[in-house]
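> Numbering (UniProt numbering), first residue to last: 33 to 876.
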Amino acid sequence: TGKEKWPKGEEEVWKAGMRGVDKDVSDITKSFVNHAQTSLARQAYNLDDFGAYEAAALAARDDLLVNWNETQLNYTRKNPKRAYYLSLEFLMGRTLDNALLNLGLKGEFEEGVKKLGFNMEDLLEKERDAALGNGGLGRLAACYLDSSASQEIPVWGYGLRYQYGIFQQLISPEGNQLEAPDPWLEHQNPWELPRLDVTYEVRFYGHAERSSDGSGRANWSGGQEVMAVAYDVMIPGYNTKTTNNLRLWQSKPKRGFDLNSFNAGNYEAAVESSNSAAAITSVLYPNDHTSTDLANEATVGKELRLKQQYFWTAASLADILRRFKNTGKPITDFPDYAAIQLNDTHPTLAIPELMRILIDEEELSWNQAWQIVTNTFFYTNHTVLPEALEKWAVPLVEHVLPRHLQIIYDINMYFLQAVEKKFPGDRDRLARMSLIEEGYPKQVRMAHLACIGSRKVNGVAELHSELVRTTILKDFVEFEGVSKFGNVTNGVTPRRWLDQCNHELSDLITKTLKIEKKVWLKDLAKLEGLLAFTEDKNFREQWAAIKQRNKERLARHVQTTLGLTVRTDAMFDVQIKRLHEYKRQTLNILGVIHRYLTLKSMTPAERSKCNRKVVFFAGKAAPAYYIAKLTIRLIVNVARVINADADTKDFLQLYFLPDYSVSLAEVLIPASDISQHISTAGTEASGTSNMKFCLNGGLLLGTVDGANIEIAEEVGENNVFFFGHLTPAVEDLRYQHAYHPVPIEQKCPALAKVLNEVSAGMFGDGGVYEPLLNTIRQGDYYLLTDDFDSYIAALAMVDDAYLDRDEWIKKSIRTTAKMGKFSSDRAILEYAESYWNLEQTPVS
Ligand code: GPV
Numbered sequence: 033t034g035k036e037k038w039p040k041g042e043e044e045v046w047k048a049g050m051r052g053v054d055k056d057v058s059d060i061t062k063s064f065v066n067h068a069q070t071s072l073a074r075q076a077y078n079l080d081d082f083g084a085y086e087a088a089a090l091a092a093r094d095d096l097l098v099n100w101n102e103t104q105l106n107y108t109r110k111n112p113k114r115a116y117y118l119s120l121e122f123l124m125g126r127t128l129d130n131a132l133l134n135l136g137l138k139g140e141f142e143e144g145v146k147k148l149g150f151n152m153e154d155l156l157e158k159e160r161d162a163a164l165g166n167g168g169l170g171r172l173a174a175c176y177l178d179s180s181a182s183q184e185i186p187v188w189g190y191g192l193r194y195q196y197g198i199f200q201q202l203i204s205p206e207g208n209q210l211e212a213p214d215p216w217l218e219h220q221n222p223w224e225l226p227r228l229d230v231t232y233e234v235r236f237y238g239h240a241e242r243s244s245d246g247s248g249r250a251n252w253s254g255g256q257e258v259m260a261v262a263y264d265v266m267i268p269g270y271n272t273k274t275t276n277n278l279r280l281w282q283s284k285p286k287r288g289f290d291l292n293s294f295n296a297g298n299y300e301a302a303v304e305s306s307n308s309a310a311a312i313t314s315v316l317y318p319n320d321h322t323s324t325d326l327a328n329e330a331t332v333g334k335e336l337r338l339k340q341q342y343f344w345t346a347a348s349l350a351d352i353l354r355r356f357k358n359t360g361k362p363i364t365d366f367p368d369y370a371a372i373q374l375n376d377t378h379p380t381l382a383i384p385e386l387m388r389i390l391i392d393e394e395e396l397s398w399n400q401a402w403q404i405v406t407n408t409f410f411y412t413n414h415t416v417l418p419e420a421l422e423k424w425a426v427p428l429v430e431h432v433l434p435r436h437l438q439i440i441y442d443i444n445m446y447f448l449q450a451v452e453k454k455f456p457g458d459r460d461r462l463a464r465m466s467l468i469e470e471g472y473p474k475q476v477r478m479a480h481l482a483c484i485g486s487r488k489v490n491g492v493a494e495l496h497s498e499l500v501r502t503t504i505l506k507d508f509v510e511f512e513g514v515s516k517f518g519n520v521t522n523g524v525t526p527r528r529w530l531d532q533c534n535h536e537l538s539d540l541i542t543k544t545l546k547i548e549k550k551v552w553l554k555d556l557a558k559l560e561g562l563l564a565f566t567e568d569k570n571f572r573e574q575w576a577a578i579k580q581r582n583k584e585r586l587a588r589h590v591q592t593t594l595g596l597t598v599r600t601d602a603m604f605d606v607q608i609k610r611l612h613e614y615k616r617q618t619l620n621i622l623g624v625i626h627r628y629l630t631l632k633s634m635t636p637a638e639r640s641k642c643n644r645k646v647v648f649f650a651g652k653a654a655p656a657y658y659i660a661k662l663t664i665r666l667i668v669n670v671a672r673v674i675n676a677d678a679d680t681k682d683f684l685q686l687y688f689l690p691d692y693s694v695s696l697a698e699v700l701i702p703a704s705d706i707s708q709h710i711s712t713a714g715t716e717a718s719g720t721s722n723m724k725f726c727l728n729g730g731l732l733l734g735t736v737d738g739a740n741i742e743i744a745e746e747v748g749e750n751n752v753f754f755f756g757h758l759t760p761a762v763e764d765l766r767y768q769h770a771y772h773p774v775p776i777e778q779k780c781p782a783l784a785k786v787l788n789e790v791s792a793g794m795f796g797d798g799g800v801y802e803p804l805l806n807t808i809r810q811g812d813y814y815l816l817t818d819d820f821d822s823y824i825a826a827l828a829m830v831d832d833a834y835l836d837r838d839e840w841i842k843k844s845i846r847t848t849a850k851m852g853k854f855s856s857d858r859a860i861l862e863y864a865e866s867y868w869n870l871e872q873t874p875v876s
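1. Considering S791, what are the terminal residues of the beta strand (DSSP E) in which it resides?
2. Excluding sequence positions up to five away, which residues of its chain have a Cβ less than 7 Å from the Cβ of N522?
3. For T33, which residues from the same chain have a beta carbon less than 8 Å from its beta carbon, with the 5 sequence-adjacent residues on both sides left out?
4. Starting from M794, follow its DSSP beta bridges and name the residues at the other end.
5. Do L629 and Y823 have their C-beta atoms closer together than 8 Å?
6. Go through its chain and collect everything with a Cβ distance to Y237's Cβ below 8 Å, but skip five positions before and after it.
7. Exposed or buried, what is S243 when buried is set at 16 or more other beta-carbons lying within 10 Å of its beta-carbon?
8. Okay, do the region 81 to 89 and the region 135 to 153 touch, 3+ Cβ pairs below 8 Å being the bar?
9. With distances taken Cα to Cα, identify the nearest neighbour of A650 among A602, S707, G595 and F683.
10. Where does the unbroken beta strand (DSSP E) through M851 begin, and where does it stop?
11. Quick check on the DSSP output: what are the complete beta strand (DSSP E) runs of length 3 or more inside the region 806 to 833, in order along the chain?
12. Give the single residue among L662, L278 and K681 whose Cα lies nearest to the Cα of L123.
13. Report yes if the CB atom of W100 is closer than 8 Å to the CB atom of T275, and no otherwise.
14. So the candidates are D154, R639, A382 and A671; which of them puts its Cα closest to the Cα of I440?
15. To which residues does DSSP link V315 through a beta bridge?
16. From the DSSP secondary-structure annotation, give me the bridge partner or partners of V476.
17. Measure from the alpha carbon of N519 to the alpha carbon of each residue in E698, V500, R527 and K609, then state which is nearest.
18. May I ask you to report which of helix, strand or coil DSSP gives T33?
19. I need the straight-line Cα distance from Y771 to L783, nearest angstrom please.
20. Taking the alpha-carbon positions, what's the A864 to Q220 distance?
21. Runs of 4 residues minimum, wholly inside the region 66 to 125: which ones carry the alpha helix (DSSP H) assignment?
22. In chain order, which continuous runs of the alpha helix (DSSP H) of length 4 or greater are located wholly inside the region 617 to 685?
23. With a cut-off of 8 Å on the beta carbons, I'd call A309 and K284 a contact; round off their distance for me.
24. Here's the rule I'm using: 16 or more other beta-carbon atoms within 10 Å means buried, otherwise exposed. How should K37 be labelled?
25. For the beta strand (DSSP E) containing S283, name the first residue and the last one.
26. Find the nearest neighbour of K325 within the set P418, Y270, L228 and A301, judged by alpha-carbon distance.
27. Kindly indicate the opening and closing residues of the beta strand (DSSP E) around E211.
28. In chain order, what residues of the same chain have a beta carbon less than 6 Å from the beta carbon of G796, not counting five sequence neighbours either side?
29. Taking the straight line between their C-alpha atoms, what separation do you get for E802 and S791?
30. Could you please give the first and the last residue of the uninterrupted alpha helix (DSSP H) stretch that includes G491?
31. What do you reckon, are the CB atoms on G714 and V762 nearer than 8 Å?
32. Verify the contact flag: V492, CB atom, against every heavy atom of the ligand GPV, threshold strictly below 7 Å.
33. Quick check: the region 721 to 728 against the region 843 to 857, are there 3 or more CB pairs under 8 Å?
34. Answer with buried or exposed for K488, where buried requires no fewer than 16 other C-beta atoms within 10 angstroms of its C-beta.
35. Please classify W46 as buried or exposed, where buried requires at least 16 other C-beta atoms within 10 Å of its C-beta.
Pasting the structure below:
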């Protein structure tokens, strides 16, 4: 295009002042020392490991910013269609190691800090996790950001800048979970860029008055106005300049305090209104898989959560629209330039909000506005569990967002008219499909709103997407046609979940495949080349030795953090995920007790032939989820008893590792021989940790559920351990439990024996656990009594397989080799191509 005119001042003076990305160790040490000296006001005399981490982070951040600036300028110039990923959760974990990996500067930084007297591994440990999420849903968002940038796709994330992330989990001496706050912003956060000039006003409450001119417009005024301030987090791609953006909103009072109240001498009320504005982004809600009406929150808690959702969607939409308007295109072109992905129903208010802007502010007709909306949004569903489907009480929505309730009712009216036209006289269908559920109070069904307001809807694994089509959204498939309802099987980023967390294995793979790491880490199907080496004894030995060192690393971690000694000459069996009845940690712990009782009943000679095993659990329970907390308590107390039993402790150890996090997962996953993904069939939408374990050569013990099925399809059924009833049987089994219950002693004597030992106090006061045990004895909604025997049989098969160590290692290699499909690069490219219609836009 020839030379462009320099924007301002003297080009040479500008250019002389600009930095590039550091390349040499000497540039890096210079930048490090410079930051220690000026940004941190420290010197060699008083720089500790934490300060050194901060100096390294600031040096890396400068490099990221160079690329970030170029990427954003490139996007502005080329103006490609962009996607916006709206998620209430981004479970990022630590950043420094990932930033250096993606910049290609790991080695240089390591050498640089060594010259300055530090050890990189120690510095990395000083970083605190950014834990703005609960579990799989939030971590998926983080993997997708990494893959978008790595694949050079123009995607921005939008979320909230919570002052407090997911709570810190403590375990009391009795085994109870205690929650402590996570003030992660206590120290300065080098990974964000405050954009104090990027602000929007967001309104709550007030009144909405429809105009009398028949235009359908309304005027919404009064109420509370809160400011949204942007904080940008740089998202570097792997081995590319592309560095995308994650914009997090923080709330603040519109004015420091309400001058009117202040003048009237009511100082307290003035301060209170500013408190309530700040409260909006104060804390991440710790309820996973729970709609607010089950979250045991007071009305204030529910209202605050609704305000969070609206605050975030309103600020994000205003920002997206401002960016679009800067291009000068007509508003009707909006869907050609912006695709908005709704990560679950949490951002669904974006649908009525965009309608409001288009109708009340842009003065479009209803039909024009609806046309734009339904070509802009895409909705991902992450669960079919009824209790997790979001609903908001109509009176609450009316109070907080009066104009949006009007719009929701209008959407519903036009929608139900159309349904009635297609299915005349089918009143049941209308009631089932309505956006409003009848009752006291009436409720807005957010999944229905997200569905009809979106261009496409997807589930997160094949089975789950089929269940979406045939259960919760069946009527909508019949009404709108099946082609709107698709599947994008989840994925995980191989950068963090293989190269970073298991660099020895990654190096062995590179050496063996003779393919550059930067190639196969972005084209994970290349792992298949490992299959050719399963018969290579030397390769198998190296493979096994790395697993062993990863176990030792985990054992060291447990030793230093908990003071406990874990034996490493044993099979490591791991279940790490949020505590939830459907995930059936209870099945696992009852299986452990069964194993313990079996070992106890053996002679020493019999025992000595048994497989040695260490079982690990980790995971948080929602603070109000009583049964989940009781499960933790049982695990901790079983561990206390069996780890102290001299008869069995050489053969069975059990640990509950507190405060599960991304960083802890990075140590646990590479150390696992077998991991458990044992949800009742049809309940786990996908699972993503199953993919991480298998990518690291851990085998899978699981039910025929979620992405387990697709993993087995890839690695072959003889390399996974499946058990339990299948999805189609579940409904029937539940019916049997409800109407023809069989006493547990009759149905499953092995399980009955375990429950009786718990009741009788083998692990401390048995009475404590009655409410947990009763969920199995009565109702047994998650079908433990149906699956227990086949679970125990599957565990025995795992033991047998492990005894043939050579064959086990082959299975492990085959598993890793066939995991290419589960890269989040594949998933994000599917969204970009089949949903958003985006193109790769490299920095030129
Ligand atoms: I809904 N998921 C989650 O972590 N939290 C939630 O509130 C809901 C869903 C999870 C699913 O349980 C997993 O199966 C899935 O892999 C993950 O979302 C990402 O899709």
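Just so it is clear, CB atoms sit at the ideal spot from N, CA and C, and this is done for glycine as well.
Working from what's here:
1. Taking the first residue of the sequence shown as 1, we reach residue 791 at position 759. That residue, S791, is in no beta strand (DSSP E); its alpha helix (DSSP H) goes P781 to S791.
2. Working through the sequence shown from its first residue, we reach residue 522 at position 490. Closer than 7 Å at Cβ, skipping near neighbours: L172, V492, A493, S718, T720, A739 and A859.
3. Walking along the sequence shown from the start, residue 33 turns up at place 1. Unreliable positioning characterises T33 in this predicted model, as indicated by a pLDDT of 49, which lies under 50. The coordinate reading is nonetheless provided below. So no residue of the chain qualifies.
4. Taking the first residue of the sequence shown as 1, we reach residue 794 at position 762. G796, per the DSSP bridge assignment.
5. On the sequence shown, residue 629 is found 597 positions in, with the first residue counted as 1. On the sequence shown, residue 823 is found 791 positions in, with the first residue counted as 1. No. Outside cutoff.
6. On the sequence shown, residue 237 is found 205 positions in, with the first residue counted as 1. Once the five neighbours on either side are set aside, the close Cβ partners of Y237 are G254, G255, Q256, H431, V432 and P434.
7. Locating residue 243 in the sequence shown gives position 211, counting from the first residue. Exposed.
8. yes
9. If you number the sequence shown from 1, residue 650 lands on position 618. If we check each option's Cα against that of A650, S707 comes out closest.
10. As a first step, residue 851 is located in the sequence shown; it is residue number 819 there, counting from the start. Run containing M851: none; DSSP gives neither H nor E here.
11. none
12. Residue mapping note: residue 123 aligns to position 91 of the sequence shown, counting from 1. Nearest option by C-alpha distance: L278.
13. Walking along the sequence shown from the start, residue 100 turns up at place 68. Walking along the sequence shown from the start, residue 275 turns up at place 243. Yes, the Cβ-Cβ distance between W100 and T275 is below 8 Å.
14. For the purposes of this step, residue 440 is identified with residue 408 of the sequence shown, where counting begins at 1. Per the Cα distances, A382.
15. Looking up residue 315 in the sequence shown gives position 283. V315 is bridged to Y196.
16. Sequence index remark: in the sequence shown, residue 476 carries index 444 (1-based). V476 is bridged to W424 and I468.
17. Mapped onto the sequence shown, residue 519 falls at position 487. It is V500.
18. As a first step, residue 33 is located in the sequence shown; it is residue number 1 there, counting from the start. Residue placement at T33 cannot be trusted, given a pLDDT of 49 that sits under 50; what the coordinates show is reported in the next sentence. The three-state reading of DSSP puts T33 in coil, since its state is none of H, G, I, E or B.
19. In the sequence shown, residue 771 corresponds to position 739, counting from 1. In the sequence shown, residue 783 corresponds to position 751, counting from 1. Computed Cα separation, rounded: 21 Å.
20. Looking up residue 864 in the sequence shown gives position 832. Looking up residue 220 in the sequence shown gives position 188. If you take the alpha carbons of A864 and Q220, they lie about 35 Å apart.
21. For the region 66 to 125, the continuous alpha helix (DSSP H) assignments of 4+ residues that do not extend past its boundaries occur at 81 to 110, in sequence order.
22. 617 to 632, 636 to 639 and 658 to 674
23. Working through the sequence shown from its first residue, we reach residue 309 at position 277. Working through the sequence shown from its first residue, we reach residue 284 at position 252. Correct: roughly 6 Å between the Cβ atoms.
24. Your numbering for residue 37 matches position 5 in the sequence shown. So K37 ends up on the exposed side.
25. By one-based count along the sequence shown, residue 283 stands at place 251. Per DSSP, the unbroken beta strand (DSSP E) holding S283 starts and ends at T275 to P285.
26. Counting from 1 along the sequence shown, the entry for residue 325 is found at position 293. Note that residue 325 is Asp in the sequence shown, not Lys. Of P418, Y270, L228 and A301, the residue nearest in Cα terms is P418.
27. Stepping through the sequence shown from its first residue, residue 211 is reached at position 179. Note, E211: beta strand (DSSP E), Q209 to A212.
28. Walking along the sequence shown from the start, residue 796 turns up at place 764. Excluding residues within five positions, the ones whose Cβ falls inside 6 Å are N669.
29. For the purposes of this step, residue 802 is taken as residue 770 along the sequence shown, with counting starting at 1. For the purposes of this step, residue 791 is taken as residue 759 along the sequence shown, with counting starting at 1. The straight-line gap from Cα to Cα measures roughly 7 Å.
30. The residue labelled residue 491 in the question sits at position 459 within the sequence shown. Counting along the chain, G491 falls outside any alpha helix (DSSP H), though it belongs to the beta strand (DSSP E) covering K488 to G491.
31. As a first step, residue 714 must be located in the sequence shown, where it is residue number 682. As a first step, residue 762 must be located in the sequence shown, where it is residue number 730. It is a contact, given that the beta carbons lie within the stated cut-off.
32. For the purposes of this step, residue 492 is taken as residue 460 along the sequence shown, with counting starting at 1. Within the cutoff, so yes.
33. yes
34. Stepping through the sequence shown from its first residue, residue 488 is reached at position 456. K488 should be labelled buried.
35. To locate residue 46, count along the sequence shown from 1; it is residue 14. Answer is exposed; the Cβ neighbour count stays below 16.
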